[in-house]
Amino acid sequence: MAMVVRMPPTATAPTRPTPGQASRFLAQATFGPTPAEIDRVVALGYARWIDEQRAAPHSQSHFDWLVAMGRNVEAFKGNGINAPLEATLWRKFIAAPDQLRTRAAFAFSEIFVINVLSISASWPMFGAASFMDTLSTHSLGNFRDMLEGVTRSLAMGCMLTYRGSRKEDIKTGRSPDENYAREVMQLFTIGLYDLNPDGSLKLRDGKAVETYTNDDVRGLAKVFTGWDLAGQESDPECQRRPMALNPANHSMSEKRFLGTVIPPGTGGVESLRIALDTLCAHPNVGPFIGTQLIQRLVTSNPSPAYVGRVAAVFANNGKGQRGDLGAVLRAVLLDPEAREPDLHSPTWGKVREPIVRFAAWARAFGATSRNGQWSMPDTTDSTIRLGQSPLRAPSVFNFFRPRFTPPNTAIAQSGLVAPEFQITDETSVAGYLNFLAIYVDRGWEDVQTDYAAEAALADDTQALVRRVALLLAGDAFNAATARVIADAVAEIPAPRKLDRVRAAIMLVAATPEYLVQK
Amino acid sequence: MIVKATRREFLRRASLLGMSGTAAPLALQMAAVGAAAGAAAAAPAPAVAAGQAGAGAPATAAGAVPVSDYKALVCIFLYGGNDPYNTIVPYDPTRHARYFQARADIALARDKLAATVLKPKDPLPGDQAYALAPGLAPLLPWFERGQLAVQFNVGPLAQPTTKRDYVGARVPLPPKLFSHNDQQAYWQALAPEGAASGWGGRLADLFIAANANATFTGVTAGGSALLLAGRHVSAYRVSPAGSTPIELLQRDTYGSTTCTDLMRLLITQSGEHLFERQHAALVARSIRADARLRTALARDTVGGGFATPLAAQLKIVARMIAARDTLGMRRQVFFVTQNGYDNHDGLNDIHPGLLRELGGAMAEFQQALDAMGVAGQVTTFSASEFGRTLVSNGNGSDHGWGGHHLVLGGAVRGGRFYGKHPELALDGPGFVDHGRMLPDVAVDQFGATLATWFGAGGGTLDDVFPNLRRFDGRDLGFMQDPSKA
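Line order of the protein sequences matches chains A and B.
Take 121 as the starting number for the first sequence in our numbering and just add one per residue.
Take 3 as the starting number for the second sequence in our numbering and just add one per residue.
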């Protein structure tokens, strides 16, 4: 990770956040601030708000909601129509009260990536829903449990093709499917190169050290043999049940990987336990996962010190426990670098993900489903939607890579990464504005708001725009820009309050300074 | 409240927002507003499209190659790692038997290949015969016509590498050979690790001064494209429908033209934050390019169905090639993509369909180029981050290394195979790590052959392909020599 100017932590954090600071915090910790949630953060302070969120009950799962809505019917058995998946995902992004858990689960869905279209068994929509539920269950829990839930899920078994993987066959030359073995190391736990706790490369003789070889992949691939869908595909429950082991298909030969040797004759359940323990114990996991959580929520280029502080909490949550994700997220969000950045830094922060932009609009302005349907579309199209859609990334490599930098730019020349720029191009920047124009104007289907609070301010466009800027960008929006926007909005005749509100929101939400989250 | 008479003053004040000594000067800001608001007949863009709007460095004369004709390269990137043995399938009885034995679970039956057997103009040594996968049947006539070539066993190498070199770790290798994203980057960059440019961009840099609209020098219809990133060239993204206009700028905002003008200003300018500047630059480029492309593509003369996702990408490429004179283009590199080749699972359920889409789209594209009369001026080639293992994992193959690729076009010395297909023996010198084909030819050599045809020569080839000098032979021979045409 590139070195950036270190943000010196201030001696003491403010004891009571301002609304602007609370808004910026909520943009990192949730799908976006609401007026009520801003008040809550101001009242409790950051730490107690986080503690309250960690203790919050789990909101209704995606799987249960789909069943309650009667979607467990023949029409959704195949992989053609998955629209209700969008409905439940956006429903929770926008309205789930346990926002920290939900936001963290979405961040994990960009590390442990599945695509609903890759789920080959019946009721794929339920498989994707159940997968997001698994991420939610563990997103503030323990990493080892998270990894096991992901590994045993039918959705991941389909995505990375180890569902039905069979042991080696000397006669035909068949070798076990290597896909999951490779990607669980490369993408889910340890990455490609040995890391120091601060995320920097651990060099040997001046060179990066690879974490694994093809031999490790082939050895680990044997562990993931024999797992497949448990029971019958007669109803959606099949997608919620962890995969089951068929011992006849499991490799019983010796399995060697990463310095671990699983003796011959070791069955699938025990082999899996040893393998997941080995992966989770690797010193890379803290900085590897910690850096990505920081990137998904806070800033694309954290300082090594920030990464080190987060990785230290991964290694030990203060009570001797490794992999406490609740503690890790607390460390990510309470770190002085996250709470008191230099808002005038030319490099600090991250491009807001289009998915989060839409959810943040809905939350900020009280948009909700009028009839409980949450009829949201697939938002993949980059000409007139968001250029990304949850659980529809084009591959296990997510919508963008953690180390992507836009070529031939000052960003690249400065040694910085900017992952979200991988989906930001001449088409998608126009597509976002085209979608913005639609949903700010009239919502989407049953997802609607009457902009009541904003309309009440519309006579005073300066106050209106200040409110809009506060809700969307906290204390990081330039006051001069806000004034110019308010002056322009005032050209719209005063009786057309809603039009003034719409114009104000569109203008703020279109600016580069909003689009870069600080 | 703003009175319309003071709108110009208002915009002048607005444009000073976030200004600093390093931001673009006011004149360019206002010009951006004017150009975007104006019709397509706005002042021509500067001859360079750098990553930052308006503030780019002028095109350097160094290395610039003057050209008066038109040429285009089209890269079809097959994401996931294309299985080479089920694409160019061993067909003679001996080799087919070995192929079948090596991967019985996923091998294609010999009798299914009879209709697509390739009969090269120069016979292969030792009775070797190969067939196109049945899905690629639409390309058979192009092979017979001498416009399709097959390059065997090309892949990323740091230097010529034997099996002994590999097993003994005696030579440097490209980093992370079996990792999708690293190999995708390596195929497209062909530069030392960490370099942020692609060989297509470095190649196109040489000719950018010959293009009236530099923005369209490197064009992707298939997503982010490191291949097209050069010092001056930046990939320009189109959708299958062409450029994407920003609706909010086409009308007033709830009756307010001031709001629309302010929108245009705000989205194309920013303060000092590097991410904001890059975003604003992209929006500015999007607006400028849309204005130009929209008119140029309006006279749409490309017919044909082009129904599949890959074909739709190739159709917009064909339309842009049709508009080359309107846009004043001489040299272009295009990038299109097909997803789904990572067939660890269900190879024979998925791969045939992918190849049907590939073959059909390439044939339709070449037919359109023929109709335009530019068949000899456009060369299309396939690429993929790696091939796959010769052995099966039960119903698929895993990450490999070398792969076979196709080169299509009127200037191709087609109807032939280039390179060598290794003997199909896992323990033999052609395969490492249990079934991964050790490349015989480096991607650098493959690219250099295309680049030479494109017009790069001599010393400039080493700038475009810094690692080329490690290999013997910078021209693999699959492009016609114009002096012998």
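Where a beta carbon is used, it is the ideal one built from N, C-alpha and C, also for glycine.
As the structure is a computational prediction, the values presented were derived from the model and not from experiment.
- Residue state for Ala149 of chain A is assigned as helix, using DSSP reduced to three classes.
- The C-beta of Leu80 of chain B comes no closer than 9 Å to any C-beta of chain A.
- DSSP lists B:Phe337, B:Phe383 as the beta-bridge partner residues of Cys77 of chain B.
- In the DSSP assignment, the residues bridged to Tyr420 of chain B are B:Gln153.
- For Lys470 of chain A, the closest Cβ of chain B is nearer than 9 Å.
- Of all residues in the region 297–312 of chain A, only Asp297, Glu298, Asn299, Arg302, Gln306, Leu312 come within less than 8 Å of chain B when Cβ atoms are compared, listed by chain position.
- Bounds of the alpha helix (DSSP H) holding Thr271 of chain A are 263–272.
- When the five nearest sequence neighbours on each side are left out, the beta carbons in the same chain lying within less than 6 Å of the beta carbon of Ala385 of chain B are those of Cys77, Phe79, Trp189, in order along the chain.
- Within the same chain, and ignoring the five residues on either side of Gly475 of chain B in sequence, the residues whose Cβ sits closer than 7 Å to its Cβ are Gln447.
- Look at the region 281–311 of chain B: the residues with a C-beta under 7 Å from a C-beta of chain A are His281, Ala282, Leu284, Val285, Arg287, Ser288, Ala291.
- The C-beta distance from His401 of chain B to Phe388 of chain B rounds to 6 Å, short enough to meet the 8 Å contact threshold.
- Note on the region 181–210 of chain A: there is no whole beta strand (DSSP E) run with a minimum of 3 residues.
- Phe433 of chain B is outside the set of residues whose beta carbon lies under 9 Å from a beta carbon in chain A.
- A straight-line Cα-Cα distance of about 48 Å links Val585 of chain A and Glu194 of chain A.
- Closer than 9 Å to the CB of Leu228 of chain B there is at least one CB belonging to chain A.
- Taking CB atoms only, His98 of chain B has no neighbour in chain A less than 9 Å away.
- Non-local beta-carbon contacts of Arg302 of chain A in its own chain, meaning distances under 7 Å to residues more than five positions away in sequence, involve Val337 in chain order.
- Residue environment: Thr271 of chain A is assigned as buried (16 or more neighbouring CB atoms within 10 Å of its CB, all protein chains considered).
- Among the CB atoms of chain A, none fall inside 9 Å of the CB of Cys77 of chain B.
- The Cβ neighbour count for Lys73 of chain B, taken over all protein chains shown within 10 Å, is at least 16; the residue is labelled buried.
- Among the residues of chain A, those whose CB is under 8 Å from the CB of Ser258 of chain B are Ala608, Val609, Glu611, Ile612, Ala623, following chain order.
- For Val285 of chain B, no beta strand (DSSP E) segment is defined; the enclosing uninterrupted segment is the alpha helix (DSSP H) at 276–300.
- If you draw a straight line from the Cα of Ala602 of chain A to the Cα of Val628 of chain A, it comes to about 8 Å.
- For Val560 of chain A, the enclosing alpha helix (DSSP H) starts and ends at 546–562.
- Closer than 9 Å to the CB of Asn84 of chain B there is not a single CB belonging to chain A.
- If you draw a straight line from the Cα of Val173 of chain B to the Cα of Trp243 of chain A, it comes to about 50 Å.
- Val430 of chain A counts as buried, since no fewer than 16 other beta carbons sit within 10 angstroms of its beta carbon.
- Residue pairing of His401 of chain B in beta bridges, as defined by DSSP: B:Arg390.
- Looking at the backbone, the Cα of Ser273 of chain A and that of Gly438 of chain A are separated by about 31 Å.
- Ile612 of chain A counts as buried, since at least 16 other C-beta atoms from the protein chains shown sit within 10 angstroms of its C-beta.
- At a Cβ-Cβ threshold of 9 Å, Phe383 of chain B and Gly224 of chain B do not count as neighbours.
- Straight-line measurement puts the Cα of Ala458 of chain B at about 22 Å from the Cα of Gln149 of chain B.
- For Tyr188 of chain B, the enclosing alpha helix (DSSP H) covers residues 182–191.
- Chain-order list of chain B residues neighbouring Arg521 of chain A: Asn183, by C-beta distance under 9 Å.
- Straight-line measurement puts the Cα of Phe154 of chain B at about 18 Å from the Cα of Arg100 of chain B.
- By the neighbour-count criterion, in which a residue is buried when 16 or more other Cβ atoms sit within 10 angstroms of its Cβ, Gly398 of chain B is buried.
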